Every structure is written in structure tokens, then in C-alpha cells.
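There are 2 protein chains.
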Amino acid sequence: MSKVLNVAIAGLGTVGAEVARQLIENADHFTHQSGRAVRIVAVSARDAEKARGFSMAGVDFCADALALASREDVDVVLELIGGEAGVAYDLVLGALKNGRHVITANKALLAHHGHALAQMAEEAGLTLAAEASVAGGIPVIKMLKESLAGNQITRITGILNGTCNYILSVMQHEHREFADVLAEAQKLGYAEADPSFDIDGIDAAHKLAILAAMGFGTAPALDAVAVRGIRDITRMDMENARDLGCTIRLLGEVERGDSGAISAEIRPILLPLESGLAKIDGALNAVSFAGAPIGAVTVVGPGAGAGATASAVLADVVDLAMGRHSPLFGVPAKSLKQGNSKTTNLSAPTPAHPPGRMEKHFIRLKVYDRPGVLADITAILRGHDISVESINQPSRAEDGVNGAVPVILTTHEVKPKAVAAATAEMAELEAVLAEPVIFPIYHGA
Amino acid sequence: MSKVLNVAIAGLGTVGAEVARQLIENADHFTHQSGRAVRIVAVSARDAEKARGFSMAGVDFCADALALASREDVDVVLELIGGEAGVAYDLVLGALKNGRHVITANKALLAHHGHALAQMAEEAGLTLAAEASVAGGIPVIKMLKESLAGNQITRITGILNGTCNYILSVMQHEHREFADVLAEAQKLGYAEADPSFDIDGIDAAHKLAILAAMGFGTAPALDAVAVRGIRDITRMDMENARDLGCTIRLLGEVERGDSGAISAEIRPILLPLESGLAKIDGALNAVSFAGAPIGAVTVVGPGAGAGATASAVLADVVDLAMGRHSPLFGVPAKSLKQGNSKTTNLSAPTPAHPPGRMEKHFIRLKVYDRPGVLADITAILRGHDISVESINQPSRAEDGVNGAVPVILTTHEVKPKAVAAATAEMAELEAVLAEPVIFPIYHGA
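Order-wise, the sequence lines are chains A and B. Each residue of the first sequence is one higher than the one before, starting from 51 at the first, in our numbering. Each residue of the second sequence is one higher than the one before, starting from 51 at the first, in our numbering.
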């Protein structure tokens, strides 16, 4: 164990550069923590000349990231390029083929190809580690795979996308519209120029697919994750939620139902303001694990950012240097059961198809304000055996149509399918002026 | 790695029995998680005949726990007896001397003897693991030692004692007196018949000493932890805190100051109601780690209880079965720097001697309601250069003395020493009828 651990870093973006800086500037710390020196021997980056504020003297710059996979002097490749395919995939594959350990922050890669890559690594006796791939700096992967290894996991719940949580918490606290806050988030660097990966829930779905695999011993099954993003949430929805003592957040949930079937969903949901998750503001992430015998444990922290993500990558580096190993998914990849469907490319957000569990629902309708409308609506609800908890007609002006008013319904616990059928029927009413908007209401841990 | 891991369990109290039950009833799970079978070969318990609701067929019962240390067929001893000395100490020492790994939940043992025991284990190439010793089921130790290994830790803050947190949160929400809530907590099993270990802050101090050692690379230094318990907190204090938008909780804090000196304290503190820690209710624990480059991460969960504590013990078992090892304090015990003072027996709560950091303070006085009193008090504050933020005379009736009224002062940020000196001077005033009560006000992360 006294041998130096030789590291190659592919990608010197904000995370890669921070990892390099930490390993160089705090080299003594890493030697002390690991019992051996950790040395960067080579890096690849688009721009070798870019000023990064610290010295990389003695480190080879390779123009071609793939060259890192085959260097004789490298023990581990840190893949910090990103993307499910292309260079990142080729590099990880090449490194494993050449007998190099791999540490990656790449959730898309693992959600799509993690099962095969993990099998490859395990057959070759190599480590493939990915703490940084889910929830940035929050060490959810080690917690789930190692700290909770003695538990039967029943449920994982999380705020997994900082961009969405930032947008929704600003909408909540500053009473602003989605498009307005998104534009500001883009200006501030909290959202990408093309924000769809985040706001359509795809990024969160990648992370949930990875957590689901680790928690339930199944191969990652990305297209078994029902996904709904946050594009259609309005300021009025947020205010109506507040009237009900709630806020709206994008939540990921995966659980094992009574039948043993696993359901995974990313969706906006009404959270009671007094619940712990409703208090996670800004770009923070939070993940709760429920299981037996532990009960439940929740961890909150920075889900993104150079420093936080670097912290997670560095934890994997120290683990490797110390000889601590766990399989990528906690148990041998060849023992993983197939998920609910085969892993395919999630090119577009899948329509939500929530599982059969009973939940309360919030329904927003836009109706002509005339006698008999409520009677028609409640008759439809009765026809679908849906019990109403509240009906409100908030006095806020509806945009556009003259004489139109909003109606906010909340239901008692009911199957999502019944709500979908009832609202489809409501949409056919002449007095209903727009597609009904539906959100589930959080049912608690 | 295909060899069976043979386990001995010393102590079949609530935690030990739950660990045994999990390993027996979920044996397949542990084999799958660990890649090898985990088998209980022997246990020791006061009562071999006690009905535990599951079968321990094939497991040897030893009347003498110490016999477990020298059995040839045991790989690891789980010490779940407790106590800093006596059988627990002799057993751990004996097991390590005989070349057996040790997993323990014993915070008192480690706070007092952890440094020496860790050195012994490390010299012999053995694992001494203790996830369950701090914060029960919350995996704070692995998080600190492994997940945050790439960070320079600057501060650890935590609600570390579930009994105190239960009492204080019931006082807060049900407007009740300390003694009343304590008696109820004893009846419900949340507090011991002799509650001093918990309510005087000693248990929390043990845990903080262990976390401080892991976070800052120092030997555990229990009597360097300034400790104040919660006995003197009244219903009126809680209500005055609420008037200030705060609650009161017992908080542990350890940090590295600008000078590099480490200060550690357990003390009741006023927490703003909107802060995350103020929302930790009941017997939950919460721990926040701050450092670079991560920023901060917080974990919340059950700090006690059979299931939660068993979860932590079982994580150590799986780590050992998988060959994952980290030194007890994260780095080799022989490399630990000495703490602020030598480790001695903490037989009584040490008077608080907070470090020099500036903090806001809450001061409760009981005074005769007559002209000139406030002038005397504010003159004393001015004499100590203490800037007042607020003065209130809540109209609540003071118990006992006729004509007595409470005065609640809050200060701007000031050295604790100045507050101590000023309040000592106030206590000398004829019109001040009782010892002033002082709480710091949380200064945020």
C-alpha cells in the first residue's frame, strides 16, 4: 500500500479542475488520509493553456482523452467529461479493457450502460466508482451501498435536481412565473442554455435509476422511470398550493410495493410546508432512505457545484487508494435482477404513468363562471368514485378568457388512473376551458 | 473471501438482540451483500433463557462474555454491552489481544480509551469499527471518515442526544416544564431512571469527542469538551426564546478556529425557528459537517433505538465481511495529535468554558420591579462594552417572589467572557433576585 496511486483526469471543466487543484495543493492531506501518495500523471482537456489558478507542473497534457486509457503509468482514470456516449463512454470502456480502475461522475453513462460496465469491471477485478454521479457532494451512494447494507430498503425519496429546485423555490418565495425564473437561472448559471435535460426531469431520472438499482438490486432501468418535468407549473399553481399549506417541488420516488414490484417516478408534487422536503430551498438536494431495521435517514447538501462534486470524486479516490472496494451497485452486477423494462435511450420525457398507489390529488380547472358547472364536475367525480376533500374558487383573475374562473379541487386518496379518467371526462365539458392540471399531493414517508 | 465470517455477540439487550435477529432471519441478504455467509457462533447474555421471538438454535450461549474473546472459532466480536470500563473494556482488549476484530457501539469506551485501543488494533492489523457509537443509525462516522476524506473539515455541529432533544421539543410544543416532561420521558422509556448521563450532556460529549477526533485528526479529548446540560431550562426560557423567534436545543459544536485551536462544546443554545436544526423534533439526531471543498452536508435520522443502532452495527459487519477497512479515527491512531488536554474520566459535567468566538447572547434576569433597575443593568453592560440588541419585560408572572419581574436581554455579538463578567456583576445588584441565566444564540453555519 505504500505505492503511489497514479491518477489521470479526463476533463478539466469546473469539477475536473477542482479535483486536480485539491490533489495538487493538498497533496499532504491525501497522503495522510490514504497512507500513500496520490499523484496526477496526466490530464486531458480541450484547452491545455487555460489559466486555472494553480500549477500543474509535471503533469502531462494529452489532447486525446482516449490516450489516458492506455497509459502504462496510470492506475485510475477519472472520467469527468460527461455524456452517455462519445468520448466518455469510449474512455471508460477503454480504461476497463486495459485494466485501469475508473472513477466517474457521469450519471447518464451509468443510467444507460452501468450494468454492462460494472460487469466488465468486476470480471476484471477493477473498481468502477461513481459517488459523484448522484446528488453531487452528498454521499448518497456510499450511504446506500455500504452504510445501509444491513437494511431491506423499502423506499428512496429525493430532490435530485438542483436546477428545478432552485426554480421552484424562487417561484414559491418570490411569487414569480416559471419562464421568468428560468431566464434568470440561465443568466446566473443555475440552468443551461438548453434547460430541457434538467427541467423535463431527465437528469433526475438518471439519478433515480441509479439509486433504484443500488437500493433494490435491479439493473438500472431508465425507461421504467415515469417522468414529468416542471415546465407546466404556473405561479397560480404555486399560489393555490400555498392556499392548501403546500409548496410544489420536483420529487423522485422509488419504492417496492406490496406485490414486490418496483415503481420509480420523477414528478412535481405538492409538499406540505411543514414537511422536511418542503424546506429544501435553492439548489440543494436531499435524499431520504427508508428501510428496515433503520427506519429512515435523510441527507441534505449541495447537489452540484465544483467543490461539492469534487468532494465526492475525491472520496472515491481515497477509497481506491486505501483498497476499499464495493461493486458499483453494491452487489455483483451479474446478480442484478432485470428492472421493469430494458434500458433504452430516454430521448424524450416519458409521460407519467404512476403506479397504483392511492394518493390525494390537486386538480386545477379553468371554467366558465356559470350555474351548474360545479354540479357537472362533482357528478363526474362521483361517477369515478372519487371523494372530494375541498373545492375552492380562488378570486385570482384568470389570464385570457373573459368570465373564466379557476376551480381548485383536492381529492381524498384515490388511484391516479381514476383521476386521469375523471379529468379527461371533465375536459369534454363545454364549460371547462383548458386541459385540467393535476398534481399528486405528497403522502408522507 | 468465500470463507464464512464467524461472529460473536456480547450483550443481547435491545440492540444486540436486533443484530442477532437480522443476521439470522435475513441470513441470505447478508450472504448476498457480503459475498460470504455471516454466521453467529456464540453470544453472551445475562439471561440465556429469555424469549426473544426468534430462534438462536445452533448458537452457543456463554455465561462469561470474556470467553468470547478467546474462542478459536470467532473472527469478530460485537461488543454491545456498554460502559467505559468493566466487562466491555476487558472484552475489547482481550479480543484485540487474541487477534479478533471488534465492532462496538460503545461511545463511552471510545471517548475514554479509543486512542489506545485503535493503536492496538492497527498494530495487530485488526479492524476496530464503531459506526453505532455516534448518532445511532445515522451513518455519520463513515460519512466523516470516508465520504468526506477529501475535505478539510472546519466545523461539526450536531444534535447528538435524543433524550435531550425529545425533552426540549416537547417543552417547546406543549408548553410544559422540564421536570414534568422528564418524568414522562422516563415513563415512556426515552430517558433512564438516572437521567444525568443524558441530560447533563455527558453522552453528547462522548459522541462529540469521537467526531472531533475523526474530523480534526486529534486523539479524543473528552475533558476538553465544555459541557452544559439542560436541567436549568425552564418553560419560561422556552417561551422567551419563542418571543425571539427561537427554540432551545442541546447542540454539540466542534470547530477549528482561526488560530488552529480546536474548541468543542455541548450546550443549550437558542436556535432560530427557521433554521434546519430547530426543526429536528423528538428523539431524532442531526449532524452537519462543514468543510472545503464540499461546503456543508447534513444528515438526519434516528439517533437511538434497537433497529437504527443495529443498522449501524450491521454496516460494520458487512464492511468487515467485504474486506473494507478504515482506521477507527480515519487516519492511523499513532498519527493523531494530542487533543487539548489528556483524556481523563469525566465524572461530572465540566462547567462550560466556551471558546473566544463572538456570539449573540440571551440573558434572563429576575428583578424587583422598581425604578432605576434597568439603568443599573444597562450601565453594567456598557461597562463591559456589550451592545444590547433587545430588552423585554414579558408580562408572564414570575414564580415565588412578590414584585419580581423577568427581564430578557439579548446582546449583539460579544465574547462569552464579557457576558460572564457582566452577569456576575449584575448578580451583585440588590434588585437582581436570582442567578442570571445565559444562553448563546446560534450564529449559523
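Yeah, the Cβ is synthetic: ideal placement off N, Cα and C, and Gly gets one too. Remember, predicted model here, so these are calculated numbers, not experimental data.
According to the DSSP secondary-structure assignment, E134/A is paired through a beta bridge with no residue. The Cβ of P322/A sits no closer than 7 Å to any Cβ of chain B. Annotation for E305/B: the continuous beta strand (DSSP E) segment containing it runs C296 to R306.
By the criterion of at least three beta-carbon pairs nearer than 8 Å, the stretch 486-495 of chain A is not in contact with the stretch 125-136 of chain B. Nearest neighbour of A113/A by Cα position, chosen from Q72/A, A58/A and L321/A, turns out to be A58/A. When CB distances to chain A are screened at a threshold of 8 Å, the residues of the stretch 185-198 of chain B falling below it are G187, I188, P189, K192, M193, E196, S197 and L198, in chain order.
Neighbourhood of R374/B in chain A, by CB distance below 8 Å: E196, R374, H375 and S376, in chain order. A distance below 6 Å between beta-carbons, with the five flanking residues on each side excluded, links M264/B to the following residues of its chain, in chain order: L194, K195, F379 and G380. No Cβ-Cβ contact shorter than 7 Å links A340/A with R432/A. For V142/B, the CB contacts under 7 Å within the same chain, skipping 5 residues up- and downstream, are E129, V152, T154, L159 and L167 in chain order.
Taking every protein chain shown into account, the CB of L238/A has fewer than 16 other CB atoms within 10 angstroms, so this residue is exposed. Assigned with DSSP and collapsed to three states, Y139/B falls in helix.
Taking C-beta separations shorter than 6 Å and ignoring five residues to either side along the sequence, R374/A has no partners in its chain. Going by beta carbons, A371/A and L55/A fall inside the 7 Å limit.
Among the residues of the stretch 124-140 of chain B, none has a Cβ less than 9 Å away from any Cβ of chain A. For K329/B, the chain A residues whose Cβ falls inside 8 Å of its Cβ are G326 and K329, in order along the chain. Counting only unbroken stretches of 4 or more residues, the alpha helix (DSSP H) elements lying wholly within the stretch 154-234 of chain A are 157-173 and 212-224, in sequence order.
Membership of K384/A in any beta strand (DSSP E) is not indicated, and neither H nor E is assigned to it by DSSP. In terms of CA proximity to K53/B, D125/B leads the group D125/B, D426/B and A254/B. Only those residues of the stretch 346-364 of chain B whose C-beta falls short of 7 Å from the nearest C-beta of chain A are listed: A346, V347, T348, V349, V350, G351, P352, G357, A358, A360, S361 and L364. In this structure, I280/A and P318/A form a Cβ contact; the two beta carbons are roughly 5 Å apart against a cut-off of 8 Å.
For V381/B, the C-beta contacts it makes with chain A under 7 Å involve H82 and Q83, in order along the chain. At least one C-beta of chain A is nearer than 7 Å to the C-beta of I344/B. In the three-state DSSP reduction, G351/B falls in the strand class (E or B). Between the stretch 251-266 of chain B and the stretch 209-220 of chain B there are three or more inter-stretch CB-CB distances shorter than 8 Å, so the stretches are counted as touching. At a cut-off of 7 Å between beta-carbon atoms, V368/B makes contact with chain A.
For E68/B, the enclosing alpha helix (DSSP H) stretches over residues T64 to E75. Shown here, S120/A sits in a helix according to DSSP, grouped into three states.
If the five residues before and after R285/A are omitted, its C-beta is found closer than 6 Å to the C-beta atoms of E227, all from its own chain and listed in chain order.
Closest by C-alpha distance to L178/B, out of E242/B, N215/B and V363/B, is V363/B. Our two residues, L415/B and D250/B, have alpha carbons roughly 23 Å apart in a direct line.
Under the DSSP assignment, L370/A falls in the alpha helix (DSSP H) whose first and last residues are A356 to M372. From the listed residues A429/A, Q202/A and G302/A, the smallest Cα separation to Q83/B is found for Q202/A. Around the beta carbon of F104/B, fewer than 16 other beta carbons sit within 10 angstroms, so the residue counts as exposed. Contact between H411/B and A471/B fails: their C-beta atoms lie close to 12 Å from each other, not under 8 Å. By the neighbour-count definition (other C-beta atoms within 10 Å, threshold 16), H493/B is an exposed residue.
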